[in-house]
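Okay, so here's the structure we're looking at.
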Amino acid sequence: MADGASHFGSDSDTSAVGGDGVAADRLRLFIERIERLEEDKKGVMEDIKEVYAEAKGEGYDTKIMRQVIRLRKMESHDRQEMEALLDLYLSALGEA
Numbered sequence: 001m002a003d004g005a006s007h008f009g010s011d012s013d014t015s016a017v018g019g020d021g022v023a024a025d026r027l028r029l030f031i032e033r034i035e036r037l038e039e040d041k042k043g044v045m046e047d048i049k050e051v052y053a054e055a056k057g058e059g060y061d062t063k064i065m066r067q068v069i070r071l072r073k074m075e076s077h078d079r080q081e082m083e084a085l086l087d088l089y090l091s092a093l094g095e096a
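Here full-length UniProt numbering is used: position 14 in the sequence shown is 14, and no number is missing along the way.
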């Protein structure tokens, strides 16, 4: 806003969201969807934790597995750039 006043908290905003209006119903739906997704996310995270525990029980290094997953998520060119910089930095330190 040009005068520096906040758009939030104005009478038009509170009347649109407050009470039994359509905006309040829509807001409630958004909040409930987010809450359901948060619960789903919690369940998925627990499942992932169990998979890592199972892999660790079979002798796999879960730290390396996490690194592999992180690398697989990267775009090919981003990964190549990162690896080139890593090699450059290690060479500069005499550790390559």
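Don't be surprised by glycine CBs; every beta carbon is placed ideally from N, CA and C.
Check	Outcome
CB of Leu90 within 8 Å of CB of Ala96, strictly	yes
Spatial distance of residue 102 from Phe30 (CA atoms)	In the structure displayed, the chain extends from 1 to 96; residue 102 sits before or after that span and is not available.
Gly59, DSSP secondary structure in three states	coil
Leu85 - containing alpha helix (DSSP H), residue span	76-92
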